[in-house]
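S.K.: The structure's right below; bear with me while I get my questions together.
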Amino acid sequence: MSSVSADSKMPKDDALVGDSSADSSGGAGGGDSSATATSTPPTTDLPDKPVDDSSKLRAFLSILRNFIGVSDIASVRFSLPAQLLEPIPNLGKSDDELGRMLEVLRFWFTKDLKYVKGKPCKPYNSVLGEFFRCNWEVKDTEAAVSLPKESKSTSTAASRTASKESISKTASRTASRTASKESISKTASRTASRTASEESISKTASIASTSAASASNSASASPSTSSPETVKISYITEQTSHHPPVSAFWVDCPQRGITARGFDQISAKFTGTSVRITPGQHNLGIFITLAHRDNEEYRLTHPDAHLGGLLRGALSVSVADTCYLTCPRTRIKAILQYLEDGWLSKAQHRVVGAVFRYNPDNDTVSRIKDIPATDLLAEISGSWHERIYFNLPDSPKDKHLLIDVTPLVPASKITPPAEKQLAYESRRLWADITAAIHAKQYSLATRLKHELEESQRSKAALRKENNHEWTPRFFTVAEQHIQPGRPHLTDDGRRALDNLHHDIFDLDEKLTPSGEFAR
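According to full-length UniProt numbering, the sequence shown is numbered sequentially starting from 1.
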């Protein structure tokens, strides 16, 4: 929750390259700051001379060959960008139900800023029980979304219909242009698949994930007259399953009564020139709860995305799908449609959407054009790489700025000092491998990674031999039949999160002699 202003004076440091998905699945990561500046993770001594990189192209082509005929490449252990959350404490400020949904939308468009400002990263494959924790301290510079004076209840059905049709026509024109270029795209894909960039692997391995969240330039919010308050947001995530790979996450902002939780899991398929990334079966979205608003819960589902530029060595993320934001208590729903860019045209990253009344017990509307005119509350339009606007149905030409992401910068994580990190904490677990990647010692990094994976296989075999079922330390997932998609904190998880609120990083190791967590 909260906006992070571009001039927030946060302690910054370079993020570790190749953070594991336990680190990147929920945390914002433009940079991070340990609790003590002198703390550094242990590293392995490295040779002075980097290894020869001349075989990268052949190695990359061999990786691509492994994907031929594979229906779900997530099982091939090919690491992909994970979903991140952003610290945004200004949710729930508006006293208007529509205003609060617009604030959630404002959060939605900031959480993917890492794809706008940075580049996709290649995270490590998290091991079972790996966890990551951090804080953000941000300036709450964003006021509540201010709705225009015109009452939404006075809008006419005719104006609603006209403005709704404009969104539908925009999407139709984009779709027709894309269809006309489909045959060209297929021909070019076959040709492009024969080429590859020599730097693809090194760039993929060395790009650190970045993230940010700030809406300080949003014109739709009234300016603050007092000094912005510093708000703390705490975060913890844990790898709760290895087959399939699933991690649970929890974001907490007690000062604002805001929590966000969910499961991070992706399914990935190689399509020839790109990788299609879809939510896994356990990933039902982000669930945000506003305790100060009678526990309103908002569910935000993830659209499908495409990771392109594999053959050019310049990774990029594009979205051409539909996602949904729902709040059963207020009976308000939003549909966002990400429009596909033409193959030959410059990427516009356009998105259109609508906010409307719906029936949670009979939710049948999944397309913008099917929204009844009498239920329409607001419309969304713009570029998710630049500016997003909203307007009320009775004044479709009177657009109000919801969020401008162009001036925003990554927020910094505050992580525990190295000496207080446990054996299964991401930064400590992968420290030696990270150091090898930084030094371009890829053979050493591969060997260390192989040793770590073999250790995990040995522990799994020992569990099977002793008929021991592994259980997460910080999360429980036993009640998924009651509240699907929503993890719950264990006593250890709640204690760790509460300690983070007070900058207390001490945790008991609680490991057995074999290196397993002992409950």
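Ideal Cβ positions, reconstructed from N, Cα and C, are used throughout, including at glycine.
Ordered along the chain, which non-local residues of its own chain (more than five positions away) have a Cβ less than 6 Å from that of V355?
M.R.: The count along the sequence shown starts at 1 and reaches residue 355 at position 355. Closer than 6 Å at Cβ, skipping near neighbours: M101, A334, L377 and A378.
S.K.: On the CB-based measure, 16 or more other CB atoms within 10 Å of its CB, does N135 come out buried or exposed?
M.R.: One-based indexing of the sequence shown puts residue 135 at position 135. It counts as buried.
S.K.: By the 10 Å Cβ neighbour count, where 16 or more other Cβ atoms means buried, how is R256 classified, buried or exposed?
M.R.: Residue mapping note: residue 256 aligns to position 256 of the sequence shown, counting from 1. Result: buried.
S.K.: Exposed or buried, A445, counting other C-beta atoms within 10 Å across all chains shown (16 or more means buried)?
M.R.: To locate residue 445, count along the sequence shown from 1; it is residue 445. With 16 or more Cβ atoms within 10 Å of its Cβ, A445 is classed as buried.
S.K.: Assign E386 to one of three DSSP states: helix, strand, or coil.
M.R.: On the sequence shown, residue 386 is found 386 positions in, with the first residue counted as 1. The answer is coil: DSSP assigns E386 none of H, G, I, E or B.
S.K.: What residue range is occupied by the uninterrupted alpha helix (DSSP H) comprising S426?
M.R.: For the purposes of this step, residue 426 is identified with residue 426 of the sequence shown, where counting begins at 1. Per DSSP, S426 belongs to the alpha helix (DSSP H) from S426 to L429.
S.K.: What three-state label does DSSP hand S395 in the structure shown?
M.R.: Position 395 of the sequence shown, counted from the start, is the residue given in the question as residue 395. S395 falls in the coil class under three-state DSSP.
S.K.: Report the rounded CA-to-CA distance for T326 versus Y298, giving the unit in angstroms.
M.R.: In the sequence shown, the residue the question calls residue 326 occupies position 326. In the sequence shown, the residue the question calls residue 298 occupies position 298. Those two C-alpha atoms are separated by around 5 Å.
S.K.: Nearest-angstrom Cα distance between H468 and G129?
M.R.: Counting from one through the sequence shown, the residue named residue 468 turns up at place 468. Counting from one through the sequence shown, the residue named residue 129 turns up at place 129. Rounded to the nearest angstrom, the two C-alpha atoms are 15 Å apart.
S.K.: Helix, strand or coil for F109? Go by DSSP, reduced to three states.
M.R.: Taking the first residue of the sequence shown as 1, we reach residue 109 at position 109. Note: F109 maps to helix in three-state DSSP.
S.K.: Could you tell me whether the segment 483–496 touches the segment 266–285, using the rule of 3 or more Cβ pairs below 8 Å?
M.R.: Touching, per the Cβ criterion.
S.K.: Looking at C-alpha atoms only, which residue of Q239, S247, I288 and I371 is the closest neighbour of M253?
M.R.: Translated into positions along the sequence shown, residue 253 becomes position 253. The sequence given here places Cys at residue 253; Met does not occur at that position. Residue I288 is the option with its Cα nearest to C253.
S.K.: Kindly give me the distance between the Cβ atoms of I380 and L105, rounded to whole angstroms, as I take these residues to be in contact under 8 Å.
M.R.: For the purposes of this step, residue 380 is taken as residue 380 along the sequence shown, with counting starting at 1. For the purposes of this step, residue 105 is taken as residue 105 along the sequence shown, with counting starting at 1. Contact flag correct, Cβ pair sits at about 7 Å.
S.K.: Take the Cβ of A509 as the centre, count every other Cβ of all protein chains shown within 10 Å, and call the residue buried at 16 or more, exposed below.
M.R.: On the sequence shown, residue 509 is found 509 positions in, with the first residue counted as 1. According to the sequence displayed, residue 509 carries Glu and not Ala. By the neighbour-count rule (16 or more Cβ atoms within 10 Å), E509 is not buried but exposed.
S.K.: Can you give me the C-alpha to C-alpha distance between L500 and V477, rounded to a whole angstrom?
M.R.: Along the sequence shown, one-based indexing puts residue 500 at 500. Along the sequence shown, one-based indexing puts residue 477 at 477. Taking the straight line from one Cα to the other gives about 22 Å.
S.K.: Please name the residue, chosen from E340, R276 and V351, that lies closest to F109 on a Cα-to-Cα basis.
M.R.: By one-based count along the sequence shown, residue 109 stands at place 109. The residue with the shortest Cα to Cα distance from F109 is V351.
S.K.: Closest by CA to H242, which one among T415, K459 and G92?
M.R.: Your numbering for residue 242 matches position 242 in the sequence shown. Cα-wise, what sits closest to H242 is K459.
S.K.: Per DSSP, what are the beta-bridge partners of H502 in this structure?
M.R.: Sequence index remark: in the sequence shown, residue 502 carries index 502 (1-based). H502 pairs with nothing; no bridge assigned.
S.K.: Within this structure, are the beta carbons of Q337 and I368 separated by less than 9 Å?
M.R.: Here residue 337 is taken as the residue at index 337 of the sequence shown, counted from 1. Here residue 368 is taken as the residue at index 368 of the sequence shown, counted from 1. Against a cut-off of 9 Å, the Cβ pair of I368 and Q337 comes out as a contact.
S.K.: Are I233 and V251 close, meaning C-beta to C-beta below 9 Å?
M.R.: The count along the sequence shown starts at 1 and reaches residue 233 at position 233. The count along the sequence shown starts at 1 and reaches residue 251 at position 251. Result yes, Cβ atoms of I233 and V251 sit closer than 9 Å.
S.K.: How long is the line joining the alpha carbons of P279 and Y235, rounded to whole angstroms?
M.R.: Walking along the sequence shown from the start, residue 279 turns up at place 279. Walking along the sequence shown from the start, residue 235 turns up at place 235. Looking at the two C-alpha atoms, the distance is approximately 21 Å.
S.K.: When the Cα of A423 is compared with those of E296, S318, I388 and L507, which residue comes out closest?
M.R.: Taking the sequence shown and counting its residues from 1, one reaches residue 423 at position 423. The shortest Cα separation from A423 among E296, S318, I388 and L507 belongs to L507.
S.K.: Check whether the Cβ atoms of I437 and E97 lie closer than 9 Å to each other.
M.R.: If you number the sequence shown from 1, residue 437 lands on position 437. If you number the sequence shown from 1, residue 97 lands on position 97. Not closer than 9 Å, so no.
S.K.: Could you give the distance in angstroms between the alpha-carbon of I414 and the alpha-carbon of R473?
M.R.: Taking the first residue of the sequence shown as position 1, residue 414 is located at position 414. Taking the first residue of the sequence shown as position 1, residue 473 is located at position 473. Taking the straight line from one Cα to the other gives about 22 Å.
S.K.: Quick check on this structure: which residue in T322, A260 and K397 has the alpha carbon closest to the alpha carbon of V365?
M.R.: Translated into positions along the sequence shown, residue 365 becomes position 365. Taking only the C-alpha atoms, the option nearest V365 is T322.
S.K.: Under the rule that 16 or more other beta-carbon atoms within 10 Å means buried, what is T237, buried or exposed?
M.R.: In the sequence shown, counting from the first residue as 1, residue 237 sits at position 237. Under this definition T237 is a buried residue.
S.K.: Please check the pair K93 and A144, which I expect to be a contact at CB under 8 Å, by giving their CB distance rounded to whole angstroms.
M.R.: Taking the first residue of the sequence shown as position 1, residue 93 is located at position 93. Taking the first residue of the sequence shown as position 1, residue 144 is located at position 144. The Cβ separation is near 4 Å, so the contact holds.
S.K.: Name the two residues that bound the continuous alpha helix (DSSP H) containing L444.
M.R.: For the purposes of this step, residue 444 is identified with residue 444 of the sequence shown, where counting begins at 1. Per DSSP, L444 belongs to the alpha helix (DSSP H) from Y442 to E465.
S.K.: Assign S211 to buried or exposed, taking buried as 16 or more other Cβ atoms, counted over all protein chains shown, within 10 Å of its Cβ.
M.R.: Translated into positions along the sequence shown, residue 211 becomes position 211. Only weak support is given to the placement of S211: the predicted model assigns it a pLDDT of 32, under 50, and the question is left unresolved by the model.
S.K.: Find out if the Cβ-Cβ distance for the pair E451, V127 is shorter than 9 Å.
M.R.: Indexing the sequence shown from 1 puts residue 451 at position 451. Indexing the sequence shown from 1 puts residue 127 at position 127. Contact: no.
S.K.: Using the Cα positions of A192 and G313, report the straight-line distance between them to the nearest angstrom.
M.R.: Counting from 1 along the sequence shown, the entry for residue 192 is found at position 192. Counting from 1 along the sequence shown, the entry for residue 313 is found at position 313. Since pLDDT at A192 reaches only 34, below the 50 mark, its modelled position is unreliable, and the value read off the structure follows with that caveat. Going from the Cα of A192 to the Cα of G313 covers about 12 Å.
S.K.: DSSP has Y324 in a bridge; who is on the other side?
M.R.: Counting from one through the sequence shown, the residue named residue 324 turns up at place 324. Its beta-bridge partners are I335.
S.K.: Where does K93 fall in DSSP's three states?
M.R.: For the purposes of this step, residue 93 is identified with residue 93 of the sequence shown, where counting begins at 1. K93 falls in the coil class under three-state DSSP.
S.K.: Can you give me the C-alpha to C-alpha distance between R463 and T271, rounded to a whole angstrom?
M.R.: Within the sequence shown, the letter at position 463 stands for residue 463. Within the sequence shown, the letter at position 271 stands for residue 271. For R463 and T271, the distance between alpha carbons rounds to 37 Å.
S.K.: Can you tell me whether DSSP reads L235 as helix, strand or coil?
M.R.: Sequence index remark: in the sequence shown, residue 235 carries index 235 (1-based). Reading off the sequence, residue 235 comes out as Tyr, not Leu. Strand, per DSSP.
S.K.: Which residue wins for smallest C-alpha separation from P244, given the options F263, S227 and P123?
M.R.: Taking the sequence shown and counting its residues from 1, the one referred to as residue 244 is at position 244. The residue with the shortest Cα to Cα distance from P244 is F263.
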